[in-house]
Each structure stands twice: as structure tokens, then as C-alpha cells.
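In what follows, a single structure is set out as C-alpha cells and then discussed.
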């Protein structure tokens with residue numbers, strides 16, 4: 001799935017960089033759409049997976065769901081950081097500013113920071129049960145911002161354009177966009193699978209290892 | 224000739240930066256996941 005995702009992204013980006021572009025307002029910089037829009041779609045979807053996994057952790061106490069939640073959070077944060085960098089470059093080219101406190105940009109930055117904070121929190125909690133529960137509750141709370149990110153361009157005054165859909169882009173852009181979106185989706189699902197396996201193996205290792213090393217015999221006191 | 228090579232428009236620098244940084248981040252992240260998996264004995 002990982003390799004399929006990479007191949008689709010390479011193909012879609014080669015297509016997007018070389019195909020004729022009928023973009024009325026942005027011109028050449030419109031080609032950033034082929035990487036920015038799929039990144040945004042898949043980042044939001046990956047956080048939905050993390051949210052579903054967090055619900056399952058609280059509902060059923062599933063360890064497997066906890067590993068998937070950790071993996072989805074990490075993949076989602078990486079995608080959101082990419083999204084912010086791409087958006088900043090696009091903003092400089094089209095709006096002549098690297099950053100502005102626009103609702104879409106600000107809520108996206110809050111999304112990246114809040115989910116990254118949960119990953120940091122997970123690293124600080126050594127009790128697996130406590131880590132699972134606190135992480136799941138935090139993920140559900142942080143997820144409340146995800147609909148805000150999605151609807152911010154519709155419901156709030158924003159300089160960011162509306163969501164790109166097949167209705168808002170030229171028909172020649174549909175397939176490169178779709179191919180890139182499926183590429184990012186497969187790549188992210190593959191990465192979540194591998195990263196969840198890392199979390200699972202790490203959990204087995206830390207559960208096998210005692211928290212403290214055995215006390216040397218010279219320090220043991222006969223009672 | 225493909226537009227990437229033929230165009231002299233300075234805005235290509237922004238396009239190239241967006242794609243380049245995205246690919247660099249993805250490559251680093253995929254590598255880090257594979258290395259962590261290998262270290263944990265998953266491969």
C-alpha cells in the first residue's frame with residue numbers, strides 16, 4: 001500500500017507539473033493545488049481515523065486501537081505541517097504574505113499544535129492504562145477543532161478560497177488531483193499500519209522490561 | 224519541452240519549493256518509520 005501510494009503520488013505530481021493548466025486566477029502557482037489539496041483532504045481524514053480509534057479505546061479498552069490512534073496522530077501531524085508549509089508558500093505567491101491570522105490558517109495551526117501536544121503527552125506518561133485513557137480523551141477534545149478547520153472557509157470571513165472540489169477546478173485538473181489524493185490516502189494508510197506496528201512492538205518490549213533494574217546483591221539487606 | 228523546463232516565470236520557484244519540501248518531509252518521515260520498525264525488530 002505504501003509503495004502504491006508513492007507511485008500514485010509520483011505519477012500525479014509528474015502529471016500536475018507538466019499538464020496544461022487552465023487556472024484562471026493563480027496561473028502557474030495553481031499547480032501547488034496538486035500537492036496542497038490532497039494533503040489537506042488526507043490530513044483531515046487521518047485525524048478522523050485517530051478520533052474513531054480514540055472512541056474505540058474508551059469504549060472497548062482496545063490496545064490495538066491505541067496503537068492506531070498513536071500512528072494516526074503522528075501521520076496527521078506530519079501531513080498538517082506539510083500543509084502549513086505548502087500553504088505558506090502558496091500564500092506568499094498569491095496573497096503576498098507568508099502568514100496571516102485567517103480563520104482557516106489559524107485553526108489549521110491549532111490542529112497541528114494540539115495533536116502534536118498529545119504525542120508529547122503520550123511520551124511523558126509511562127503507565128500504559130493511564131496513557132491510553134488520557135490520550136483518547138485528549139484526542140476527542142482536540143478533534144472538536146477539525147470541523148472548524150473544514151468549515152472555516154464557509155462560515156467565517158476568510159481570504160482562503162473555498163474547498164477545492166471537481167466543481168471548482170477545471171475538468172483537466174480532476175484526474176491529477178484524484179490520483180494524488182488516492183496516492184496520499186494509500187501512503188498514509190500504509191504509514192499508519194507500519195507506525196502502529198512500531199507502537200505495538202514498543203509496548204511489548206516495555207511491558208517485558210521491568211521499570212527499574214534489579215537491585216545488586218551487594219546492596220541487598222538481610223531482614 | 225515540458226513547462227517546468229521551458230517556463231522562465233519566477234513563480235516556478237514557489238511551485239518547486241512546495242513540491243520539494245513536501246517530498247523531503249515525506250521521504251524523511253517514511254525513512255524514520257522504517258528505521259524505527261527495523262530497530263524494534265518488526266522486519
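Protein chains in written order, with my numbering: chain A, 1 to 223; chain B, 224 to 266.
All residues carry an ideal CB built from backbone N, CA and C; glycine is no exception.
Mind checking residue 59 of chain A: buried by the 16 CB within 10 Å criterion, or exposed? exposed
Tell me, to the nearest whole angstrom, how far the beta carbon of residue 181 of chain A is from that of residue 41 of chain A; I am working on the premise that it is less than 8 Å. 6 Å
Roughly how many angstroms lie between the CA atoms of residue 131 of chain A and residue 122 of chain A, to the nearest whole one? 6 Å
Top-ranked residue by Cα proximity to residue 239 of chain B, from A/33, A/65, A/104: A/33
Test item: CB-CB of residue 259 of chain B and residue 198 of chain A under 8 Å: yes
Among A/147, A/15, A/73, A/177, which one has its Cα closest to the Cα of residue 192 of chain A? A/73
Can you give me the C-alpha to C-alpha distance between residue 230 of chain B and residue 253 of chain B, rounded to a whole angstrom? Low local confidence applies: a pLDDT of 49 at residue 230 of chain B is under 50, so the model's placement there is unreliable, with the coordinate-based value given in what follows. Going from the Cα of residue 230 of chain B to the Cα of residue 253 of chain B covers about 32 Å.
Proximal residues of chain A, C-beta to C-beta of residue 245 of chain B below 8 Å: 35, 39, 82, 85, 86
What does residue 139 of chain A reach in chain B if we use C-beta pairs closer than 9 Å? Residues of chain B passing the Cβ test: none, with the nearest at roughly 20 Å.
Rank A/150, A/173, A/172, A/170 by C-alpha distance to the C-alpha of residue 162 of chain A and give the top, closest one. A/150
Length-filtered (4 minimum) alpha helix (DSSP H) runs lying within the segment 85-150 of chain A: 103-124, 128-143
Note down, in chain order, every chain B residue with its Cβ under 7 Å from the Cβ of residue 13 of chain A. 242
If we count the other Cβ atoms within 10 Å of its Cβ and call it buried at 16 or more, is residue 38 of chain A buried or exposed? buried
Count the other C-beta atoms from every protein chain shown that fall within 10 angstroms of the C-beta of residue 104 of chain A, then say buried if there are 16 or more, exposed otherwise. buried
Compare the C-beta of residue 121 of chain A with all C-beta atoms of chain B and state if any pair is closer than 8 Å. no
Identify whether residue 236 of chain B lies in helix, strand or coil by the three-state DSSP scheme. helix
In the structure shown, what three-state DSSP assignment does residue 228 of chain B receive? Because the pLDDT at residue 228 of chain B is just 49, under 50, the model does not fix this residue reliably, and the point stays unresolved.
On the CB-based measure, 16 or more other CB atoms within 10 Å of its CB, does residue 204 of chain A come out buried or exposed? exposed
Indicate whether residue 11 of chain A and residue 179 of chain A have their beta-carbon atoms separated by less than 8 Å. yes
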